[in-house]
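This report concerns only the one structure given below.
Protein chains in written order, with UniProt numbering: chain D, 1 to 384; chain F, 1 to 384.
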């Protein structure tokens with residue numbers, strides 16, 4: 001195991017009816033900006049629950065955070081924060097709203113050009129405190145320090161990281177997922193699944209607890225994913241999915257182990273160029289990345305085949321092929337396509353994406369920097 | 001899943017050579033009391049590493065915390081804290097030293113009789129900050145808010161809980177375990193295993209992530225436990241055991257699920273009366289508690305049998321018997337006895353322990369308060 005330091009200071013408040021508790025979690029003297037997306041929270045009752053809970057707080061609202069939160073929109077929020085002297089941000093939404101809020105929190109306190117936080121990894125030394133009411137279990141952003149923000153005018157989609165933007169608390173009430181469209185549910189399941197895979201499917205490093213926990217999340221997502229469509233009223237299923245998605249990217253399963261993230265890097269470029277949902281890109285890339293890196297990842301692919309899918313095939317190559325097939329079948333079982341052609345995208349995308357990867361310096365990805373541009377090209381071609 | 005709120009604010013600093021980092025973790029202006037046990041840390045080099053790391057801090061020492069930390073000793077530390085104006089406690093040891101330090105931290109700031117914290121569950125509203133250098137992976141006390149303290153003059157062994165005594169940081173360097181006697185290693189493995197079982201082996205509640213994580217810890221302890229004796233120089237094995245023990249009782253696997261703890265309650269009384277090590281008592285009680293509660297716990301016992309031991313026996317009773325046998329065999333595989341007779345204790349203990357349980361109000365234990373004094377008696381008799 002590698003050395004690591006791990007702490008997750010976000011207080012998780014889990015369960016039905018827990019949105020009301022934000023009243024106690026946000027200091028009563030705080031001037032709060034409620035940040036959300038396109039307004040679906042006004043139709044499904046979540047907005048009302050939040051407003052009711054904050055009836056004794058001073059509140060302003062900012063809506064319009066996009067599915068891939070943009071720098072431009074975030075900077076409009078920053079202007080309003082300064083105008084209204086806001087000192088607490090409440091993100092009500094999924095990963096995009098939370099990621100956007102993290103950037104807003106950092107930019108509002110940043111000396112200099114906030115774009116440098118993304119473009120130059122400028123250090124974030126201060127940020128407004130953030131609370132979260134999660135509406136879409138998927139990214140894990142509700143209890144980690146990561147954020148991905150896009151710049152509309154240049155097709156850049158760039159990550160930043162700072163413990164200053166880790167949420168103080170996150171309310172996880174699975175009831176809020178009952179009004180989600182099936183596409184968003186599927187996105188969340190696939191996103192969480194691939195988050196686990198990026199931290200798990202590397203090489204054999206002997207860190208057994210991390211492996212077992214990762215496998216536990218994969219099992220849960222595989223068991224509960226299809227059930228959420230078959231049994232939409234089963235709240236237990238929704239709670240298990242919600243908790244899995246949070247645990248998939250809160251630092252725990254990745255502590256002290258190598259991590260891959262090459263599938264994500266390719267995925268980000270696909271979204272930036274063609275607008276596919278984040279999870280849609282992951283479901284396209286992952287199976288072919290598994291195939292392309294099958295030699296380097298052989299030990300872990302065999303462990304995945306056996307422990308997750310019960311594949312006891314003696315021939316290693318056949319076992320790995322079966323495991324990849326099962327992974328694709330799992331994505332299909334939650335109604336998630338796995339090829340570019342499902343989105344009417346053809347061969348022309350390959351050069352364009354490879355060019356973007358090169359432009360962003362993504363020329364040696366993965367746990368051992370072995371995913372070269374040639375391998376990325378091979379993965380993209382195989383995914384058509 | 002039940003509602004829950006979960007956060008673990010202890011910063012884990014994991015890896016070889018990490019003791020030196022305490023220099024940065026403890027404020028440089030702090031006046032530190034280093035608290036330890038019987039002095040083994042002076043022979044094995046840990047003491048020197050701690051002293052070197054704190055060479056620029058003001059430091060006093062307090063040694064002599066017992067294997068079951070006593071109220072009496074703790075109160076002597078409190079007197080010295082007041083005398084020297086100590087404002088930071090560094091526990092260097094295993095669960096006993098950490099538990100003792102937690103009580104000291106609370107007692108030093110308590111208005112009134114500190115014994116009331118244990119005897120009357122008096123609220124702890126303030127405590128000195130605590131850091132930990134863990135020397136014995138076992139109890140999980142390094143990253144939780146629990147403590148158990150004994151009163152020598154009355155044979156009472158009583159728990160308390162307060163988030164005020166949760167350690168700020170805990171250094172987990174598995175190298176420190178290389179000089180541990182085999183008995184203490186075995187104690188740690190069994191203690192962690194039973195901690196998991198107390199939170200796992202209840203009834204079917206549908207919280208799948210918590211179940212899978214618990215099972216992951218059980219698998220790891222079962223795989224790595226015997227190896228630490230067979231391959232004492234294998235640092236990977238020691239690291240896996242250390243991380244398992246911490247994860248077994250840091251709030252995570254118990255969040256939102258029912259918990260048992262009846263085995264612990266019986267175990268505490270056995271230690272108080274007969275001085276057996278904590279883990280020794282657990283290994284005696286658990287298998288017969290599993291047997292006594294087999295009807296109430298049937299669904300979970302079958303899940304345990306299948307997922308942990310691969311038992312696919314059709315007859316439920318046979319499957320459960322086999323799973324209990326496997327559990328006993330696992331304890332034996334780490335050289336841990338499982339009967340009172342292994343400690344030259346006979347029938348006379350039954351009445352004495354039941355009387356203690358009654359005196360402490362332990363008359364309806366377990367996740368459904370179904371472990372009556374009669375069942376406790378039955379468990380004790382079956383454990384002779």
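Glycine is no exception: its CB is placed at the ideal position from the N, C-alpha and C atoms.
Local Cβ density within 10 Å of residue i, reported as buried at 16 or more and exposed below that
i, result
"residue 142 of chain F", "buried"
"residue 22 of chain D", "buried"
"residue 57 of chain D", "buried"
"residue 287 of chain F", "buried"
"residue 183 of chain D", "exposed"
"residue 347 of chain D", "exposed"
"residue 123 of chain F", "exposed"
"residue 221 of chain D", "buried"
"residue 181 of chain F", "exposed"
"residue 315 of chain D", "exposed"
"residue 390 of chain F", "Since the first and last residues shown for chain F are 1 and 384, residue 390 of chain F lies out of range."
"residue 215 of chain F", "buried"
"residue 367 of chain F", "buried"
N-terminal and C-terminal residue of the alpha helix (DSSP H) that residue i is part of
i, result
"residue 75 of chain D", "71-84"
"residue 92 of chain D", "Counting along the chain, residue 92 of chain D falls outside any alpha helix (DSSP H), though it belongs to the beta strand (DSSP E) covering 88-93."
"residue 216 of chain D", "208-230"
"residue 351 of chain D", "348-359"
"residue 125 of chain D", "Looking at the DSSP string, residue 125 of chain D is not in any alpha helix (DSSP H), and its letter there is neither H nor E."
"residue 259 of chain F", "Taken as a continuous stretch (DSSP letters only), residue 259 of chain F belongs to no alpha helix (DSSP H), as it is neither H nor E."
"residue 294 of chain F", "Residue 294 of chain F -> no alpha helix (DSSP H), and no H or E assigned at all."
"residue 247 of chain F", "235-248"
"residue 49 of chain F", "46-53"
"residue 22 of chain D", "22-25"
DSSP-derived helix/strand/coil call for residue i
i, result
"residue 196 of chain D", "helix"
"residue 302 of chain D", "helix"
"residue 340 of chain D", "helix"
"residue 201 of chain D", "coil"
"residue 160 of chain F", "strand"
"residue 172 of chain D", "strand"
"residue 372 of chain F", "strand"
"residue 40 of chain F", "helix"
"residue 148 of chain F", "strand"
"residue 364 of chain F", "strand"
"residue 68 of chain F", "coil"
"residue 328 of chain F", "helix"
"residue 383 of chain D", "coil"
"residue 286 of chain F", "helix"
"residue 252 of chain D", "coil"
"residue 113 of chain D", "coil"
"residue 265 of chain D", "helix"
"residue 276 of chain F", "coil"
"residue 321 of chain D", "helix"
"residue 28 of chain D", "coil"
Chain-ordered chain D contacts of residue i [CB-CB under 9 Å]
i, result
"residue 8 of chain F", "7, 8 and 9"
"residue 346 of chain F", "Simply none; closest approach about 40 Å."
"residue 247 of chain F", "209, 213 and 252"
Residue range of the beta strand (DSSP E) that includes residue i
i, result
"residue 14 of chain F", "4-14"
"residue 58 of chain D", "58-62"
"residue 33 of chain D", "31-35"
"residue 134 of chain F", "130-134"
Proximal residues of chain D, C-beta to C-beta of residue i below 7 Å
i, result
"residue 206 of chain F", "236"
"residue 220 of chain F", "208, 209 and 212"
Chain-ordered chain F contacts of residue i [CB-CB under 9 Å]
i, result
"residue 217 of chain D", "209, 212 and 213"
Residues that residue i contacts on chain D, provided the C-beta gap is smaller than 8 Å
i, result
"residue 1 of chain F", "14, 15, 236, 239, 240 and 243"
"residue 223 of chain F", "208"
"residue 18 of chain F", "3"
Closer than 8 Å, Cβ to any Cβ of chain D: which residues of the region 231-244 of chain F, in chain order?
236, 239, 240, 243 and 244
Select from the region 117-146 of chain D all residues with a C-beta closer than 7 Å to any C-beta belonging to chain F, and list them in chain order.
The residues in question: there are none.
Anything in the region 250-278 of chain F with a Cβ closer than 7 Å to a Cβ of chain D? List those residues in chain order, please.
256
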